[in-house]
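What follows is a set of notes on a single structure, which appears directly below.
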Amino acid sequence: MPGEEASEEKDKSIQHTAALSFGFICLIIGIPLWWKTTEVYRVNLPYSDIADLSNTKFQFTIDIDVVNLEKSWTDKDLTDLSKLLKANLADDRKVGAIFPKYRVAVRQAAEKQSSDLTSLKTLADLKTVSAEVTEILHSVLVREDALLKSFQNFLGAREPKDKASMRSLSYHQGYDILFTLVNPQPDILDIDWSIKEAVEAYLSPMMLFFTGLRRKPHKDKKNSGFYYEETDLPHTINPLEANLGSHASNNPMLNFIVYVPSRDQHPLHIVLKNGEKVKTNSFLSPQWGGIVVQNLPSPPPNSSLPVKVAVDMKTVMEVFLTQLRLLMDFNIQVKKELQVREVGNDVIREWELDNWLRKKCLENLATSISTLQSLTALLEGISNIVIQDDIGQQVENAVTGIKEAHRHLSSGQIARAFTQSRKALASSEKAFFDPSLLELLYFPEDQKFAIYIPLFLPIGLPILGSLFKAIKWIKTKRKQKPKTE
């Protein structure tokens, strides 16, 4: 009947219109809303600036003050020497990622400065003086080759390491130094060592009793003594480490130990491969510390035990300070003919400190650049890692610190450059090791299908089927209109 057909047609129209409306809402509103609310938040990072850092050539400025003690030289001679030095120290050494810029000043010595030197060496001419000064700057005071090698190693270059680089400590915000006295026989020797007065209260000393070196020394048949060979030394440290106490600080620990051998191993010496005894009777373990063997005199016969004896702290501290300078990379080899002011009570010379700050600054910059590049490679490779605002801020701080350190290096402000490099290193490592990065680091892309298919497939198939029928119905209605007309 016409009425029933009209009613049925109206119901189909309502049904298909509802399907189209629901499909429209899902496609136009639902999918974009779902996409927006489930997207991974990633703050914008300065990827281009980080990429440019690897191509940056770091220039560091060094002020050179040449003082003349030769009274026969005129002002013209000093001017000519200044020109020769500037020519020899010109920026033609721009090889690699770092290069120095020298600012040279040549002047006559003041009256007080003449007394600083105990001997003078007269050189032939200005060219010889210029060549000598240039060589001293390159190989002793600045050590350009060592700086370049260290910078490239921290930047990720695979170059063979030398003894100095393996021995010296890497940069850290602080170092804990522990001085320890090892006395395996406290019932025989009551050892007195004035460590507090010697080091001015660095740490409270730890006294280890009843602990010895488990490595049995060799018997010296000729001299009725005992000795350790070089191959034995690594095995003497491991038994001691278990008794050195817990390390509750984040700073690396440096251990300096005075070992008094037991009476059945007395006297104890350390010998080289050629059989020669080590004069200081001590040895150094790279990045760990040093041990001094002190052979104290045996108690007289029939004496009451324990016998009170004292450690020669002057000798011990001289050895420890030398070992500390080696570990901190302050021990610089100089030529015999080059007169260098004695260290004295300062422990570190001013130019040595500048050189150390410069080296650690460049190492910090290289490490920061390498860390930032590794971070950006990780974030670009895995698109579903969340990048929070604080990570972006740390990356910005690191990039800014690197640029500021570069600026201060170029102007010769080594202390400020080192401070900025330290901030850049801390910010880059904080960003790289942020816990939020690891939360989605191992979330594979294929797991998304396992999550979304059971959720959307039961809903999506009926909607798509209804949309297909609705579109087919609309096409049919359009074909029927011309026939009706």
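One point on numbering: in my numbering, the residue at position 45 of the sequence shown is 51, and numbering is uninterrupted. C-beta atoms are modelled at their ideal positions from N, C-alpha and C, and glycine is treated no differently. None of the values given here were measured: they were computed from a predicted structure.
For V266 against I197, the beta-carbon gap comes to about 6 Å, under 8 Å, which counts as contact. In the three-state scheme derived from DSSP, where H, G and I count as helix and E and B as strand, G180 is classed as coil.
Per DSSP, the beta bridge partners of H275 are Y233. Put simply, of R269, Q329, M323 the residue whose alpha carbon is nearest the alpha carbon of P312 is R269. Using a Cβ-Cβ distance cut-off of 8 Å, the region 363-375 and the region 319-326 are not in contact, since fewer than three pairs of beta carbons, one from each stretch, lie closer than that value.
In this chain, A116 is not harboured by any beta strand (DSSP E), its DSSP state being neither H nor E.
The Cβ atoms of I56 and Q379 lie closer than 8 Å to each other.
Counting along the chain, the unbroken alpha helix (DSSP H) around A152 starts and ends at 150-161. Counting only the Cα atoms, R48 lies some 38 Å from F474. Residue pairing by DSSP places S288 opposite V298 in a beta bridge. At a Cβ-Cβ threshold of 8 Å, H144 and E138 do not count as neighbours. With a cutoff of 8 Å on beta-carbon distance, H178 and N257 are scored as near each other. Per DSSP, H414 is not a residue of any beta strand (DSSP E); the alpha helix (DSSP H) it occupies stretches across 395-416. DSSP, reduced to helix, strand and coil, places M323 within a helical segment of the structure shown. Selection G36, A24, L59 evaluated against T382 yields L59 as nearest (Cα-Cα). For K89, the enclosing alpha helix (DSSP H) begins and ends at 81-94. The closest CA to that of A116, considering only K77, L132, A152, is found on K77. Between V112 and S136, the C-beta gap is not smaller than 8 Å, which leaves the two residues out of contact.
Within the DSSP secondary-structure output, K107 pairs in a beta bridge with T67.
For the options N361, S374, K222, I397, the alpha carbon positioned closest to that of N159 is the one of S374. Sequence-distant Cβ neighbours of Y53 in its own chain, meaning closer than 8 Å and more than five residues away, are T382, E386. For N361, the enclosing alpha helix (DSSP H) begins and ends at 356-387.
Per DSSP, V315 is one residue of the beta strand (DSSP E) stretching across 313-316. Within 10 angstroms of the beta-carbon of Y233 lie 16 or more other beta-carbons, which makes it buried.
In the DSSP assignment, K133 falls within the unbroken alpha helix (DSSP H) covering 132-142. Per the Cβ contact rule, the region 424-434 is in contact with the region 392-402 (3 or more Cβ pairs under 8 Å).
Around the Cβ of K483, a 10 Å sphere holds fewer than 16 other Cβ atoms; the residue is exposed. In this model, L95 and N287 are separated by some 43 Å (Cα to Cα). Annotation: F439 is outside any alpha helix (DSSP H) and is labelled neither H nor E by DSSP.
The shortest CA-to-CA distance from T406 to any of K429, D395, F157 is the one to K429. The three-state reading of DSSP puts I197 in strand, counting E and B together. When the alpha-carbon of D69 is set against those of P223, L153, H412, P106, the nearest one is in P106. Comparing alpha-carbon positions, the option among L84, P192, T67, F64 lying closest to V73 turns out to be L84. Here H224 is bridged, per DSSP, to Y233. Using a Cβ distance threshold of 8 Å, D335 and S174 count as a contacting pair. Of all alpha-carbon atoms in L184, I420, D193, I465, the one lying nearest the alpha-carbon of S309 is that of D193.
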